[in-house]
Amino acid sequence: MGIVANLDYSQYLRVSFDVYNERYEGAYPNLRYKANVRFKITGQFAIQAYNTVKFGGLTWSGYMNYGYYTQDTGWINIPGEINESMGCNRQRNFSFNCSISGWPNLSGTASVTTPLISAPEFDTSISDIDVESLVINGKLKSNPYNLYCLRVWSKDKNGFISNNLNGSLTVDGLTQKTQYEFHVEVWKADLSGSYVSQKILTATTLENYPEINIESVDFVITEVDSEYDNVTLTVHTSDDTHVKSCTWGTRGNYKVSEGTSTTYNNLPKNLEFDFEVTIEDTLGRTSKPFEFKFNTTFTYMEAWVFVGGAWKLGYSMALGRMNKPKLDSGISAYSSGVGNRDTYNLVRLSAYDGLEWHQAIPYKEE
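Numbering-wise, the sequence shown is residues 35 to 400 according to our numbering.
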């Protein structure tokens with residue numbers, strides 16, 4: 035700490051007291067401040083005397099023999115140590131009587147201010163926000179000498195709702211769709227004084243509303259080139275405002291998009307897809323799957339043949355270059371490719387009735 039008192043006999047003799055080796059031992063409620071004390075005489079003097087030096091309850095006694103024109107005795111340690119209770123304080127000031135008797139005879143008061151104990155670090159957040167409740171999380175990352183605690187003050191309640199937050203605190207009985215403010219504060223463990231540090235948290239409770247139903251899905255085709263399209267899918271629900279995300283896909287191949295739309299890129303033309311979509315709302319509820327179909331641009335007409343009691347899709351016997359895959363990573367094409375129409379003019383179609391193939395009437399493309 036340094037020199038805490040000077041006792042002057044004259045301009046040529048001064049007795050100085052120094053507090054050093056300051057430390058804290060123990061933890062609240064048994065936290066104590068300890069330090070050692072020493073003194074020295076400076077100036078220009080001579081002493082031949084038996085002296086007693088006191089500092090609070092500490093005492094040094096001994097014969098001093100310093101010749102004329104001595105300027106500094108050097109530091110002389112006083113046996114023992116300062117040992118004071120800190121109570122629940124970050125810093126204290128102590129006063130000690132100090133004196134020298136014999137020759138010279140001097141007395142005074144030393145003021146000792148202890149080192150300031152640092153404030154702790156802490157983390158805090160709000161989670162699990164629901165319609166009528168939320169969770170406040172908070173914990174001290176450090177707690178020097180066990181001197182501190184975390185308190186939670188509610189603006190809505192205009193008072194503290196926790197005096198020792200150490201983990202999670204569930205706050206319930208709240209009103210839906212309402213903003214709440216909480217102050218998470220570091221206090222001394224005995225709750226005296228005022229807060230040491232503070233973080234302000236705000237959160238708005240969720241709105242309670244009926245489950246959302248999917249009503250339809252639209253798709254928009256954007257041509258990339260002569261072979262590929264991009265397709266944008268948009269879901270329409272009974273409450274689009276509260277849709278958090280959508281899950282799109284088929285046959286185990288799904289992707290999640292924020293909001294109500296998503297786009298699949300570089301899909302081959304002449305394909306049709308069987309898809310499904312589910313939505314998750316802001317309350318975390320998931321809808322039932324909604325099944326739908328969408329297609330890319332068709333560049334040819336399908337031929338159907340009536341066989342027995344049902345129509346059968348025609349099958350092209352032409353050998354041509356098949357469309358090469360160039361698919362969006364989030365989708366799989368499971369429809370078969372289509373022959374390159376530039377490689378043939380005439381097409382022979384047939385249909386399979388389960389026993390044999392039946393030829394369709396030949397036709398020529400327009």
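C-beta: ideal position from N, C-alpha, C; glycine also.
Identity of the residue in the options nearest residue i by Cα
i    : options                : result
S295 : P302, V269, D224, Y288 : V269
P63  : G207, S95, K222        : K222
L317 : V277, N139, R124, D206 : V277
L235 : H217, S250, D252, W109 : H217
T238 : E390, T333, V230, Q213 : Q213
F73  : K346, G90, K191, D52   : D52
L181 : N123, K173, E292, D259 : N123
M98  : L240, P244, I75        : I75
Q105 : I313, V49, I255        : V49
I163 : F194, D206, G193       : D206
L65  : R126, P244, E306, I81  : R126
V254 : E292, S159, D224, L267 : L267
I195 : T107, E219, Y54, Y179  : E219
R285 : I313, P323, E314, E292 : P323
Y58  : D42, W391, T107, I151  : I151
K173 : Y179, S167, S159       : S159
S272 : D315, I81, H392        : D315
S135 : G283, G293, Y43, Y179  : Y43
L225 : C183, F128, L140, H392 : C183
E245 : L389, T107, T312, L140 : T312
S231 : L208, W187, L168       : W187
Between the CA atoms of residue j and residue i - distance to the nearest angstrom
i    : j    : result
I37  : G60  : 26 Å
S145 : V71  : 13 Å
V165 : K289 : 28 Å
E249 : T204 : 37 Å
S161 : I170 : 7 Å
Y102 : Q78  : 8 Å
G201 : K233 : 16 Å
T281 : D274 : 15 Å
R375 : T320 : With a pLDDT of 41 at R375, under the threshold of 50, the predicted position of this residue should be treated as unreliable, though the coordinate-derived value follows. Spanning the two alpha carbons is a distance of roughly 44 Å.
F130 : T143 : 6 Å
Y46  : I116 : 30 Å
V251 : N299 : 18 Å
M120 : L240 : 47 Å
W137 : Y84  : 8 Å
G91  : E118 : 11 Å
S228 : K191 : 19 Å
V265 : N247 : 23 Å
N287 : F332 : 24 Å
L1   : G283 : Beyond the ends of the chain as shown, which are 35 and 400, falls residue 1; an answer cannot be given.
D263 : K346 : 28 Å
S279 : K327 : 20 Å
T297 : S291 : 9 Å
T107 : Y179 : 38 Å
G193 : N139 : 58 Å
L208 : L199 : 20 Å
Contacts around residue i, its chain only, beta-carbon distance under 8 Å, and the 5 residues preceding and following it disregarded
i    : result
E56  : M35, Y67, K68, A69, T148, P149
E325 : D308, F309, E310
K175 : P154, E155, F156, D157
G293 : V277, S279, C280
Burial state of residue i, where buried means 16 or more other Cβ atoms lie within 10 Å
i    : result
T377 : Because the pLDDT at T377 is just 41, under 50, the model does not fix this residue reliably, and the value given afterwards should be weighed accordingly. It is exposed - the Cβ of T377 has fewer than 16 other Cβ atoms within 10 Å.
N177 : buried
E257 : exposed
W109 : exposed
A344 : exposed
D157 : exposed
P302 : buried
A80  : exposed
D259 : exposed
L389 : exposed
Y54  : exposed
Close-in-space but distant-in-sequence residues of the same chain around residue i (CB under 7 Å, 5 per side omitted)
i    : result
N242 : V165, Q210
W94  : V87, I110, I112, P113
F128 : E118, V146
Neighbourhood of residue i by C-beta, 6 Å cutoff - its chain only, sequence neighbours within 5 removed
i    : result
E399 : Confidence is the limiting factor: at E399 the pLDDT is only 46, short of 50, which leaves the residue's position unreliable and the question unanswerable from this model.
E215 : K189, T236
N197 : R185
K88  : S133
N28  : Because the chain spans 35 through 400 in this model, residue 28 falls outside it and cannot be assessed.
N40  : R48, S50
S141 : S133
Q82  : N99
G96  : none
Residue i: CB within 6 Å of a non-hydrogen atom of the ligand MG
i    : result
I313 : The ligand MG is not among the ligands present in this structure, which contains no ligands whatsoever.
Contained alpha helix (DSSP H) runs [length at least 4] in the stretch 64 to 140, N- to C-terminal order: none
3-residue-minimum beta strand (DSSP E) runs that sit fully inside the stretch 170 to 251, ordered along the chain: 182 to 188, 193 to 196, 201 to 205, 213 to 222, 231 to 238
Completely contained alpha helix (DSSP H) runs for the stretch 270 to 325, where each covers 4 or more residues: none
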